[in-house]
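The block underneath contains the structure these notes are about, expressed in structure tokens.
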Amino acid sequence: PYDNEEQGIDRVIRSILSWEACAQAAQELDKEQLMKYLNNRETAKAEDIMREALTNAQKYFDRMYKE
Numbered sequence: 316p317y318d319n320e321e322q323g324i325d326r327v328i329r330s331i332l333s334w335e336a337c338a339q340a341a342q343e344l345d346k347e348q349l350m351k352y353l354n355n356r357e358t359a360k361a362e363d364i365m366r367e368a369l370t371n372a373q374k375y376f377d378r379m380y381k382e
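Just so we're aligned: the sequence shown equals residues 316 to 382 in this note's numbering.
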């Protein structure tokens, strides 16, 4: 084992919060617009939507982890 007990618990907490943050960001994702861009092969615009979702997920994670 490379983690002590405290590190292991923190790793589990961070993992759960990461999933929760991604789920929250996914709820806000404009899936219809994303699919439109992908269908039209407008990949740069699709990447912009995903980048925003990832940024939001990171913000949600940070907020939950600090509480």
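Every residue, glycine too, gets a C-beta built ideally from N, C-alpha and C.
Assuming residue i and residue j make a contact with CB atoms under 8 angstroms, what is their CB distance in whole Å?
| i | j | result |
| --- | --- | --- |
| Tyr-375 | Gln-339 | 5 angstroms |
Hey, out of the options, whose CA is closest to residue i's CA?
| i | options | result |
| --- | --- | --- |
| Asp-345 | Leu-332, Asp-377 and Arg-366 | Arg-366 |
| Tyr-424 | Glu-347, Arg-329 and Arg-356 | There is simply no residue 424 to check, as the chain begins at 316 and stops at 382 in what is shown. |
| Asp-377 | Glu-347, Glu-320 and Glu-335 | Glu-335 |
Please return the same chain residues whose Cβ sits closer than 7 angstroms to the Cβ of residue i, not counting the five positions on each side in sequence.
| i | result |
| --- | --- |
| Asp-318 | Arg-326 |
Looking only at its chain, what residues have a beta carbon closer than 8 angstroms to the beta carbon of residue i, apart from the 5 residues adjacent to it on each side?
| i | result |
| --- | --- |
| Glu-343 | Ala-368 and Asn-371 |
| Leu-349 | Ala-361, Ile-364 and Met-365 |
Leaving aside the five residues before and after residue i along the sequence, list all residues of the same chain whose C-beta is less than 6 angstroms from its C-beta, in chain order.
| i | result |
| --- | --- |
| Tyr-352 | Lys-360 and Ala-361 |
| Ala-341 | none |
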